[in-house]
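Contents: one structure, followed by commentary.
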Amino acid sequence: MLAHFDPRKPIILTCDASPYGISAVLAQQDQNGDDRPVCFASRTLTDAEKNYAHHDKEGLAVVFGILKFYQYLFENEFLIQTDNSALSRIFHPEKSVPEISTARLQRWAIFLSAFRYKVKHIRGEQNYADWLSRLPIKSDTQKVKTVSILQNSSRTYLQNIQEADFATLDWKSVQRKTREDKVLCKVMRCCLDRWAGARPEVEELVPY
Numbered sequence: 001m002l003a004h005f006d007p008r009k010p011i012i013l014t015c016d017a018s019p020y021g022i023s024a025v026l027a028q029q030d031q032n033g034d035d036r037p038v039c040f041a042s043r044t045l046t047d048a049e050k051n052y053a054h055h056d057k058e059g060l061a062v063v064f065g066i067l068k069f070y071q072y073l074f075e076n077e078f079l080i081q082t083d084n085s086a087l088s089r090i091f092h093p094e095k096s097v098p099e100i101s102t103a104r105l106q107r108w109a110i111f112l113s114a115f116r117y118k119v120k121h122i123r124g125e126q127n128y129a130d131w132l133s134r135l136p137i138k139s140d141t142q143k144v145k146t147v148s149i150l151q152n153s154s155r156t157y158l159q160n161i162q163e164a165d166f167a168t169l170d171w172k173s174v175q176r177k178t179r180e181d182k183v184l185c186k187v188m189r190c191c192l193d194r195w196a197g198a199r200p201e202v203e204e205l206v207p208y
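The following block contains the structure:
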């Protein structure tokens, strides 16, 4: 069962790649410390991507997951989980990228530097994104179009609903807050004086 996204809870991005597909799972920890999935994503590899080295495929899965769940990850701290030990070293945010890494992985490491994340190596049997990469969603076309993540920045989406504890509103609270407001105090005095001597040109009193 999918969980609602809550920015106050730890965010986990688990990624994996197979010879023909990549996948990513966005999850969060509940109060018991268990991972609860929020979103799943996968796709098939293009003919060109199938020729990538395995490390590059795993790196592509991470980039795919970040772009897919960008609205949840950007400006939030999150954990990347991968079962590729070399990739956990290459993408480590506090270590330099090895010079022997491919140019593609180096570019992706620079891309990741814009995010607040940590990376963790996990065993293959712990990677719940594994089955998705082996059963990827087939695209209508093998061409993957690179779309700018800022292209639709003018659109606003409801991403999550936060619960909050609100104080009960009663007439005493309204009375107290009214007396604390400078403008409303003037309005209250004018009402008591039946607006005698009130100057209509005073801008702050015009709405009343």
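Numbered according to the UniProt record's numbering, the sequence shown terminates at residue 208, and the numbering increases by one at each position without gaps.
Ideal Cβ placement from N, Cα and C applies to all residues, glycine included.
Since this is a predicted model, take the numbers as computed values, not measurements.
Assigned with DSSP and collapsed to three states, Asp130 falls in helix. Our two residues, Val63 and Arg8, have alpha carbons roughly 23 Å apart in a direct line.
Here Cys15 is buried, its C-beta having at least 16 other C-beta atoms within 10 Å. Here Ala61 is buried. Its C-beta has 16 or more other C-beta atoms within 10 Å. Per the coordinates, the alpha-carbon of Ser23 lies some 27 Å from the alpha-carbon of Glu99.
Comparing C-alpha distances from Asp34 to each of Gln106, Pro10, Glu203, Ser88 shows the shortest one belongs to Pro10.
Beyond the five residues adjoining it in sequence on each side, Lys118 comes within less than 6 Å, by CB distance, of Leu79 in the same chain, given in chain order. Of the candidates Pro19, Leu105, Asp30, Lys177, Pro19 places its Cα closest to the Cα of Leu45.
Around the C-beta of Asn127, 16 or more other C-beta atoms lie within 10 Å, and the residue is accordingly described as buried.
For Gly21, the enclosing beta strand (DSSP E) has its first and last residue at 21-29. Under the three-state reduction of DSSP output, His4 falls in the coil class, being neither helix nor strand.
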